[in-house]
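Before any comments, here is the structure.
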Amino acid sequence: MKAKKVKGLDPEKSFRKNACKMVRVRLDELHGFSPAVLDPAEVGALHDMRIAAKRLRYLCELTSPVLGEGAALAAKKAKDLQGVLGDVHDCDEQIPRVRARVGAGSELLAHLEARRKSRYADFLEEWQRLEDEGFRKNVLERL
Amino acid sequence: MGALLAKARDIPLEGLSFREAAARIVEVRAREVFEHSEGVLDLEDIERVHAMRVATRRLRAAMEICRPCFPKGEFKGLLGEVKDLADVLGERRDPDVAVDFFRDLTDAGPLVEDLERERLEANERLGAKLEEIEQNDLRGRLEALALAAV
Chain A
6 MKAKKVKGLD PEKSFRKNAC KMVRVRLDEL HGFSPAVLDP AEVGALHDMR IAAKRLRYLC
66 ELTSPVLGEG AALAAKKAKD LQGVLGDVHD CDEQIPRVRA RVGAGSELLA HLEARRKSRY
126 ADFLEEWQRL EDEGFRKNVL ERL
Chain B
422 MGALLAKARD IPLEGLSFRE AAARIVEVRA REVFEHSEGV LDLEDIERVH AMRVATRRLR
482 AAMEICRPCF PKGEFKGLLG EVKDLADVLG ERRDPDVAVD FFRDLTDAGP LVEDLERERL
542 EANERLGAKL EEIEQNDLRG RLEALALAAV
């Protein structure tokens, strides 16, 4: 997934000012995958959201020494999202492979499908909590 | 141990311009990649390749964040090389993780055999890539890029 371009960056201005603009765009990018990701069958959107979470995480880890607690909060939550979405993605990658190599009725396939369901439920719970808590607003207010 | 190895350094950036910060960030993140390069071909210690992969992903992310501060031509080529390195490290890491996950599960024998084979092939490609970046001095060229920001 290609990252959305951040407009108005200026290498001569302070890193802090530029970093704020980047965090805003990356936060919007992350939120742009909802409501698509509320459907467990939206494998592509879930994968792209994982990439968006990774971009936000690395940006905020790098910038939190200058942006403070807003960026630190975003880095932490993005890392959590990236982790759970990574597990969902691993299952989405392995399930077809297991089906082809081991067989449709195997215990292994049942195990993987159950894991996918469980990790997706974890993701959904985490995402809804973030939305309910006003994650984006909380981050932006603290930048 | 792996998590500790892969931890990124905090980089003091307060009061710097974007350009000055970019030079510092890319210099530090590039150095971290090569600090983690030792022993990555060791198939018995899968955390080493993980640590180098994470460091490479951080460098890639840092370069993308700091893109506006670098000369375009040189930057594009180097970013491509860093992405290639990250891909080759990922091809080795992915079967490591999958083997670990499947090893003790019922029915997984044939799959684990496939994955072990993939792992060996990926390790050979990683060996060739490490030799290539040593010969073409990727490290030195990244250091030069960092300096070019200011």
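Chains A and B are the protein sequences, given in the same order. For the first sequence, the positions run 6 to 148 when the numbering used here is used. For the second sequence, the positions run 422 to 571 when the numbering used here is used. Every residue gets a Cβ at the ideal spot worked out from N, C-alpha and C, and that includes glycine. Every value quoted in this text rests on a predicted model; they were computed, and no experiment measured them.
query                                                                                                     : result
N- and C-terminal bounds of the alpha helix (DSSP H) containing A549(B)                                   : G530 to Q556
Buried/exposed call for G75(A), threshold 16 Cβ in 10 Å                                                   : buried
Residue closest to R513(B), alpha-carbon to alpha-carbon, out of E435(B), E564(B) and A472(B)             : A472(B)
Option in D431(B), A444(B), V470(B) and D517(B) with minimal Cα separation from E17(A)                    : A444(B)
First through last residue of the alpha helix (DSSP H) which encompasses I56(A)                           : V48 to L72
Beta-carbon neighbours of F496(B), restricted to chain A and to distances below 8 Å                       : Neighbours of F496(B) on chain A: none; closest Cβ ~12 Å, over 8 Å.
Supposed close pair E112(A), I100(A) - CB separation, criterion 8 Å                                       : Not really, about 14 Å apart at Cβ, beyond 8 Å.
Amino acids of chain B, ordered along the chain, whose beta-carbon sits closer than 7 Å to that of Y63(A) : R479 and A482
Proximity below 8 Å, CB of L90(A) to CB of R104(A)                                                        : no
Entirely enclosed alpha helix (DSSP H) segments - the stretch 72-112 of chain A, minimum 4 residues       : 74-106
Counted within 10 angstroms of its Cβ, other Cβ atoms place R121(A) as buried (16 or more) or exposed     : buried
Sub-8 Å separation of A577(B) and V107(A) beta-carbons                                                    : Nothing can be reported for residue 577(B), as the shown portion of chain B is limited to 422 through 571.
Per-residue DSSP class, three states only, for S19(A)                                                     : strand
V42(A) versus D85(A) - alpha carbon distance                                                              : 16 Å
Helix, strand or coil at S123(A) [DSSP, three-state]                                                      : helix
Straight-line gap, E564(B) to H457(B) (C-alpha atoms, nearest Å)                                          : 17 Å
C-beta contact flag for R147(A) and L35(A) at 8 Å                                                         : no
Listed by chain order, chain A residues near F455(B) by CB distance under 7 Å                             : Near F455(B) there are no residues of chain A at all, since even the closest Cβ is about 19 Å away, more than 7 Å.
Interface partners of A109(A) on chain B, CB under 8 Å                                                    : The contacting residues do not exist; A109(A) stays about 12 Å from chain B at best.
Boundaries (first-last residue) of the alpha helix (DSSP H) holding I446(B)                               : F439 to E456
Simplified DSSP assignment, three categories, for M6(A)                                                   : coil
Residue burial classification, D53(A) (beta-carbon count within 10 angstroms, cutoff 16)                  : buried
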